[in-house]
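Trainee: Take the sequence shown: its position 28, counted from the start at 1, is 28 in our numbering, and no numbers get skipped.
From the three backbone atoms N, C-alpha and C, an ideal C-beta is built for every residue, glycine too.
Remember, predicted model here, so these are calculated numbers, not experimental data.
Questions regarding the structure given below will be posed in turn.
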Amino acid sequence: MLTTTKPLVRSWLYVPGQRERMLQKSFSLAADAVIYDLEDAVPIAEKQAARRLLAKYLTEPAPASAPRRFVRLNHPSRAEMFEADLACAVALSIEGIGLPKVETADEVHAVDDALTRHEEALGAKLGSTRIMLLIESPLGLVNAYEIASASSRIVAVAFGAEDFSREMGLPLVKQAEAKDQLFARSTIAIAAAAAGVESIDIIWTDLNDIVGIAAEAGQARRLGYTGKAAIHPDQIAPINAAFSPSGDEIAYAQEVLAAYNAAVAEGTGAINYKGAFLEEPVIARARHILALATRTL
Ligand code: COA
Ligand code: MG
Numbered sequence: 001m002l003t004t005t006k007p008l009v010r011s012w013l014y015v016p017g018q019r020e021r022m023l024q025k026s027f028s029l030a031a032d033a034v035i036y037d038l039e040d041a042v043p044i045a046e047k048q049a050a051r052r053l054l055a056k057y058l059t060e061p062a063p064a065s066a067p068r069r070f071v072r073l074n075h076p077s078r079a080e081m082f083e084a085d086l087a088c089a090v091a092l093s094i095e096g097i098g099l100p101k102v103e104t105a106d107e108v109h110a111v112d113d114a115l116t117r118h119e120e121a122l123g124a125k126l127g128s129t130r131i132m133l134l135i136e137s138p139l140g141l142v143n144a145y146e147i148a149s150a151s152s153r154i155v156a157v158a159f160g161a162e163d164f165s166r167e168m169g170l171p172l173v174k175q176a177e178a179k180d181q182l183f184a185r186s187t188i189a190i191a192a193a194a195a196g197v198e199s200i201d202i203i204w205t206d207l208n209d210i211v212g213i214a215a216e217a218g219q220a221r222r223l224g225y226t227g228k229a230a231i232h233p234d235q236i237a238p239i240n241a242a243f244s245p246s247g248d249e250i251a252y253a254q255e256v257l258a259a260y261n262a263a264v265a266e267g268t269g270a271i272n273y274k275g276a277f278l279e280e281p282v283i284a285r286a287r288h289i290l291a292l293a294t295r296t297l
């Protein structure tokens, strides 16, 4: 399980690197993290303009209240673009890079080494550039845990359902709450938990359906995800809400803890509380809910 006391990272908003207006807006949005994109949201002809814009807006350190910042690079196999993206990203004031379409741990090792070389050249602290990465292919899914644990730089693993669906030849329209991708989504959440890093659920593409994204975000949390990707500002609030313990959950966790502590004081370790069976793992989850609540502040 991911154990940290840092604020929760529930919503991860993508911002295409060449869209200046969106870049400007991103600083004041309630996303917990922003992924500035140089990959698939940026047409090839716009890549250089996007790098220039990122340099214009992301050179100054972010204020403490601003979203955490990552820049998603093109895949290392597109060597020329990747090198230019990496050179751009390491000079920015960001927490780390986003690495798309990862299929093996070796790909991560190579990027880890490249980051170290850049950090040495810039006199930056070695290992200070973090990595969030995307798994978005059948091979990546099969290697998920090895990938998620391939470097101490990794802070989060995302499932990229659109590329995955293409690779698997899935129908164009997915079922509500991505029921047809439950196994794949679950696998990524579990691999990330095993590696002790954050996990980021798929994007919701129906921009007008806020009820739908709220339901899918709730389902993602029940699958064990710690956050979900967003592509539009309207998607941030439902994601943040779904990954924050509700008032009812907090009250119930407090109730259960009090009942359990009273039972333990009387020498019992497992009790029937209003028809619900309580024992240590349940109580640990109640404590976890209360800990999460303190991390949403
Ligand atoms: N980040 C920051 N601001 C955004 C935004 C984003 N991802 N998406 C939209 N906005 C802003 C717009 O600039 C607009 O602001 P304004 O009215 O103050 O100028 C406002 O939110 C409303 O936008 P809207 O008109 O509803 O969006 P759209 O129809 O123009 O664009 C998308 C819809 C999906 C094309 C756009 O949201 C987008 O590009 N999202 C990111 C896609 C992406 O990065 N994909 C790659 C990873 S999967
Ligand atoms: Mg993708």
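(1) Classify A121 as buried or exposed, calling it buried when 16 or more other Cβ atoms lie within 10 Å of its own Cβ.
(2) Does DSSP put R69 in a helix, in a strand, or in coil?
(3) Just reading off the alpha helix (DSSP H) that V90 is part of, what are its end residues?
(4) When the cut-off is 8 Å and only beta carbons count, does K101 lie next to chain D?
(5) Helix, strand or coil: how does DSSP classify K6 here?
(6) Heavy atom of the ligand MG less than 7 Å from the Cβ of E162, yes or no?
(7) Using a threshold of 7 Å, is the CB atom of Y225 nearer than that to any non-hydrogen atom of the ligand COA?
(8) Label A30 either buried or exposed according to how many other C-beta atoms from any shown protein chain fall within 10 Å of its C-beta, with 16 as the threshold for buried.
(9) At the level of alpha carbons, what is the spacing between G275 and V9?
(10) What number of angstroms, rounded off, separates the C-alpha of I239 from the C-alpha of E162?
(11) Measuring straight from C-alpha to C-alpha, what distance separates I213 and Q235?
(12) Would you list the one or two residues that DSSP bridges to D37?
(13) With a threshold of 7 Å (Cβ to nearest heavy atom), would Y273 be considered close to the ligand COA?
(14) How would you write the range of the beta strand (DSSP E) that Y225 sits in, first residue to last?
(15) Do you know whose CA, among S128, P67, H288 and A89, lies nearest Q254's CA?
(16) List in chain order: all unbroken beta strand (DSSP E) runs of 3+ residues lying wholly within the stretch 113-141.
(17) May I ask which residues mark the beginning and end of the alpha helix (DSSP H) holding N261?
(18) Following a CB-centred definition, is I210 positioned closer than 7 Å to any heavy atom of the ligand COA?
(19) Could you tell me if the beta carbon of P63 falls within a distance shorter than 7 Å of some heavy atom in the ligand COA?
(20) Compute the Euclidean distance between the alpha carbons of A293 and Y145, then round it to the nearest angstrom.
(21) Please classify Q24 as buried or exposed, where buried requires at least 16 neighbouring CB atoms within 10 angstroms.
(22) Could you give the distance in angstroms between the alpha-carbon of E167 and the alpha-carbon of Y260?
(23) Report the rounded CA-to-CA distance for F243 versus D32, giving the unit in angstroms.
Mentor: Here's the rundown:
(1) exposed
(2) strand
(3) A79 to V90
(4) Protein chains in the displayed structure number just one, and chain D is not present.
(5) coil
(6) yes
(7) no
(8) exposed
(9) 34 Å
(10) 19 Å
(11) 7 Å
(12) P16 and R72
(13) no
(14) That residue, Y225, is in no beta strand (DSSP E); it is neither H nor E in DSSP.
(15) H288
(16) 130-135
(17) G247 to A265
(18) no
(19) no
(20) 28 Å
(21) exposed
(22) 49 Å
(23) 11 Å
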